[in-house]
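A.B. asks: Protein chains in written order, with numbering that gives the first Met the number 0: chain W, 0 to 233; chain H, 0 to 233. Even for Gly, the Cβ is constructed at its ideal location relative to N, Cα and C. Quick one: this structure, given as structure tokens, is what I'll be asking you about.
2 protein chains.
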Amino acid sequence: MNRIQKRERLRQGLQTLLEQGGAGARLPSERELSERFDVARETLRRCLDELEEEGLLQRKQGAGTFVSAPPVVKEARLLSFSEEMRERGMEPSSRLLRHQTVLAGAKLAQRLMVTPGSAVIEIRRLRLANNEPMALETSCVALSRLPGFDPAALVNGSLYELLDKKYGLQLRSAQQQIHATVLSEDEAGLLGVAPFSPSLMIERTSTSSKGEVIEYAKSLYRADRYRFEIGVMR
Amino acid sequence: MNRIQKRERLRQGLQTLLEQGGAGARLPSERELSERFDVARETLRRCLDELEEEGLLQRKQGAGTFVSAPPVVKEARLLSFSEEMRERGMEPSSRLLRHQTVLAGAKLAQRLMVTPGSAVIEIRRLRLANNEPMALETSCVALSRLPGFDPAALVNGSLYELLDKKYGLQLRSAQQQIHATVLSEDEAGLLGVAPFSPSLMIERTSTSSKGEVIEYAKSLYRADRYRFEIGVMR
DNA sequence: CAGTGGTCTAGACCACTGG
DNA sequence: CAGTGGTCTAGACCACTGG
């Protein structure tokens, strides 16, 4: 399409200008740019909006448009343990420690948004990276959302993959709370560290694209091997 | 201004429509809405863009505009300690424990992106919420970026505010690393908890809109009073 | 095909800044 | 004050969908 080509040319032309200018440089005015690229000023502005959103430039009313240094912020994304470890260049694996069906108490029921007393599958796994213990994870999923769920499938697999393949459930967002705590003797033993070592505890409530709460998980990470990293914008 | 009122009315009118409709409902067409609210279609579209960005509605070319169930994900934003505590409904304050000018070693120089050996101001503050100790914070800023900097101004103020007012520096993004650790006896004493209590340690490197690294800060939060909360999307 | 959202235009007036 | 970005308008044509 002619239109797409035009948009593309505009975008690339602007990026070239940004590169030539370097951080701090001032761009020509919007009226001049729109004439130069032969587009309406509003069209140009929409393109500048995008570039500003991406942090490549800054506009200041009455003063002008200035090139920014691109930010290095790493966006937080919802990753499974397996995905995250692979991204960190490590090979993930799991050991299924225990699984049982329990009846949801008031607190858990609220977290999973189910009625108190409904059946919940609780899965406790030791999660390894390069065959070294990394975290101790307890996941809870409501049985009603996962008919015929078989925890045995989790011995070496990702819960997220299973949810997707078997139930067509894609997790879309999660709420995470991060605390610092110390490990009990049992927990420390499983993770292979000294008792009362510090630990990063992450509680996560994951929600499907339909808005249903699918999983509540509580993970204890070894503080000596794991850091939580996040980029934030103002 | 008439213009602001108009925009405000439009926004509120649309939100009312969204509420009345409920998730899944289909809004009237853009042409009809623009007529009803007496604005140009482009103006209406800009408002719809915002609402879509916020996840309140979804548009589908050729089909229509539909009300979404609002997401509950809380976006991570770069907040100063003061801003964050106020948002949590607590009154922030600070006690300046120490400040000194040091020469940047290799590690600090790399973090601040300055040449090793340059002067760096190091500020150590006890940060309180409702007059209770909450965190122990050590901030480092390169002197070259803040000529004539006076740490005394920080006794009861926000560093971010000072940077903005005095130097016109707005922080735009930050990279944060979150660890779990235990407090030394000194640190525990200052924070008013038992020695070797667990602590959430947050290291933050903040960058200005021009892409310069402005601050490196290391904070030790009381694990019993502070949790880091974050929403993530897939 | 009628109707929807997506994009673009030329022009106007406003708020803000100090090159 | 001239010049900048911010907002809005009325209208056009496009791509896509199936109420």
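Please list, in chain order, the residues of the stretch 11-43 of chain H that have any C-beta partner in chain W closer than 7 angstroms.
C.D. replies: Here the close residues number zero.
A.B. asks: Which residues in chain W have a C-beta closer than 7 angstroms to the C-beta of alanine 68/H? List them in chain order.
C.D. replies: If you number the second sequence from 1, residue 68/H lands on position 69. Residues of chain W passing the Cβ test: Gly210.
A.B. asks: Can you give the beta carbon distance from alanine 134/H to arginine 25/H, rounded, assuming they're within the 8 angstroms contact cut?
C.D. replies: Numbered from 1 along the second sequence, position 135 holds the residue referred to as residue 134/H. Numbered from 1 along the second sequence, position 26 holds the residue referred to as residue 25/H. Actually they do not touch by this definition, with Cβ atoms about 49 angstroms apart.
A.B. asks: I think leucine 55/H touches leucine 96/H, with their Cβ atoms under 8 angstroms apart; what is that distance to the nearest whole Å?
C.D. replies: As a position in the second sequence, residue 55/H is number 56, starting the count at 1. As a position in the second sequence, residue 96/H is number 97, starting the count at 1. Actually they are not in contact, since the Cβ atoms of leucine 55/H and leucine 96/H sit about 45 angstroms apart, beyond 8 angstroms.
A.B. asks: Who are the near neighbours of leucine 77/W in its chain, counting only those whose CB is closer than 8 angstroms to its CB and skipping five residues on each side?
C.D. replies: The sequence position of residue 77/W within the first sequence is 78, counting from 1. Counting only Cβ-Cβ distances below 8 angstroms, and skipping sequence neighbours, we find Leu170, Arg171, Ser172, Ala173 and Ser205.
A.B. asks: Hey, is isoleucine 213/W's beta-carbon within less than 8 angstroms of any beta-carbon in chain H?
C.D. replies: Position 214 of the first sequence, counted from the first residue, corresponds to residue 213/W. By this cut-off, isoleucine 213/W is not an interface position.
A.B. asks: Could you tell me whether the Cβ of glutamine 60/H comes closer than 8 angstroms to any Cβ of chain W?
C.D. replies: For the purposes of this step, residue 60/H is taken as residue 61 along the second sequence, with counting starting at 1. Chain W, which has no Cβ nearer than 8 angstroms to the Cβ of glutamine 60/H, makes this no.
A.B. asks: Kindly list, in the order they appear in chain W, the residues whose Cβ is closer than 7 angstroms to that of serine 198/H.
C.D. replies: Residue numbering aside, residue 198/H sits at position 199 when the second sequence is read from its first letter. Within 7 angstroms Cβ-Cβ: Ala179.
A.B. asks: With burial defined as no fewer than 16 other Cβ atoms inside 10 Å of the residue's Cβ, what is the status of glutamine 19/W: buried or exposed?
C.D. replies: Sequence index remark: in the first sequence, residue 19/W carries index 20 (1-based). Classification of glutamine 19/W: exposed, given that the 10 Å Cβ count is below 16.
A.B. asks: Can you list, in chain order, the residues of its chain whose CB lies under 6 angstroms from that of glycine 116/H, leaving out five sequence neighbours each side?
C.D. replies: For this step, residue 116/H is matched to residue 117 along the second sequence. Here the set comprises Leu102.
A.B. asks: Hey, would you say valine 113/H sits closer than 8 angstroms to cysteine 139/H, going by beta carbons?
C.D. replies: Position 114 of the second sequence holds residue 113/H. Position 140 of the second sequence holds residue 139/H. Contact: no.
A.B. asks: What are the partner residues of tyrosine 220/H, as DSSP defines its beta bridges?
C.D. replies: As a working note, residue 220/H is residue 221 in the second sequence. Partner(s): Ala134/H and Leu199/H.
A.B. asks: Between the alpha carbons of valine 192/W and leucine 142/H, how many angstroms are there, rounded?
C.D. replies: As a first step, residue 192/W is located in the first sequence; it is residue number 193 there, counting from the start. As a first step, residue 142/H is located in the second sequence; it is residue number 143 there, counting from the start. Rounded to whole angstroms, valine 192/W to leucine 142/H spans 42 angstroms at the Cα level.
A.B. asks: Which residues in the same chain as asparagine 129/H place their Cβ atom closer than 7 angstroms to its Cβ, once the five residues preceding and following it in sequence are excluded?
C.D. replies: Counting from 1 along the second sequence, the entry for residue 129/H is found at position 130. The residues are Met89 and Glu90.
A.B. asks: What's the C-alpha gap between aspartate 37/W and valine 66/W?
C.D. replies: Residue numbering aside, residue 37/W sits at position 38 when the first sequence is read from its first letter. Residue numbering aside, residue 66/W sits at position 67 when the first sequence is read from its first letter. If you take the alpha carbons of aspartate 37/W and valine 66/W, they lie about 22 angstroms apart.
A.B. asks: Using the rule of at least 16 other Cβ atoms within 10 Å of the residue's Cβ for burial, across every protein chain shown, is methionine 0/H buried or exposed?
C.D. replies: Working through the second sequence from its first residue, we reach residue 0/H at position 1. Interpretation of methionine 0/H is limited by its pLDDT of 48, a score under 50 that renders its predicted location unreliable; the figure taken from the coordinates is listed afterwards. Exposed: under 16 other Cβ atoms inside 10 Å.
A.B. asks: Quick one: list the residues of chain H neighbouring glutamate 228/W, beta-carbon separation under 8 angstroms, in chain order.
C.D. replies: Mapped onto the first sequence, residue 228/W falls at position 229. Those within 8 angstroms of glutamate 228/W in chain H are Gln174, Gln175, Gln176 and Ile177.
A.B. asks: Which residues, in chain order, does the stretch 76-90 of chain W contribute to contact with chain H at a C-beta distance below 9 angstroms?
C.D. replies: Under the 9 angstroms Cβ criterion, the stretch 76-90 of chain W contributes Arg76, Leu77 and Leu78.
A.B. asks: Among Glu82/W, Ala39/W, Arg10/W and Arg85/W, which residue has its Cα nearest to the Cα of leucine 50/W?
C.D. replies: What you label residue 50/W is simply residue 51 of the first sequence in a count that begins at 1. Residue Arg10/W is the option with its Cα nearest to leucine 50/W.
A.B. asks: Within the same chain, show all residues whose beta-carbon is closer than 6 angstroms to that of arginine 203/W, passing over the 5 residues directly before and after it, in chain order.
C.D. replies: Locating residue 203/W in the first sequence gives position 204, counting from the first residue. Cβ neighbours of arginine 203/W beyond the five flanking positions: Ala173, Gln175 and Ala216.
A.B. asks: Would you say glycine 63/W touches the ligand SAH, meaning its beta carbon is less than 7 angstroms from a heavy atom?
C.D. replies: The ligand SAH is not part of this structure, which contains no ligands at all.
A.B. asks: Going by CA-CA distance only, name the one from Glu31/W, Ile122/W, Arg87/W and Asp223/W that's closest to glutamate 214/W.
C.D. replies: The sequence position of residue 214/W within the first sequence is 215, counting from 1. For glutamate 214/W, the nearest C-alpha among the options comes from Ile122/W.
A.B. asks: Helix, strand or coil: how does DSSP classify glycine 61/H here?
C.D. replies: The residue given as residue 61/H occupies position 62 in the second sequence. Coil at glycine 61/H, not helix or strand.
A.B. asks: What's the gap between the Cα of methionine 200/W and the Cα of histidine 178/H?
C.D. replies: Taking the first residue of the first sequence as position 1, residue 200/W is located at position 201. Taking the first residue of the second sequence as position 1, residue 178/H is located at position 179. Roughly 10 angstroms between the two C-alpha positions.
A.B. asks: With a cut-off of 8 angstroms on the beta carbons, I'd call serine 218/H and glutamate 83/H a contact; round off their distance for me.
C.D. replies: Numbered from its first residue, the second sequence carries residue 218/H at position 219. Numbered from its first residue, the second sequence carries residue 83/H at position 84. Incorrect: roughly 11 angstroms between the Cβ atoms, too far for contact.
A.B. asks: Could you tell me which chain H residues have their CB closer than 7 angstroms to the CB of valine 231/W, listed as they occur along the chain?
C.D. replies: Within the first sequence, numbered from 1, the residue matching residue 231/W stands at position 232. Result: Ala75, Arg76, Leu77, Ser172, Ala173 and Gln175.
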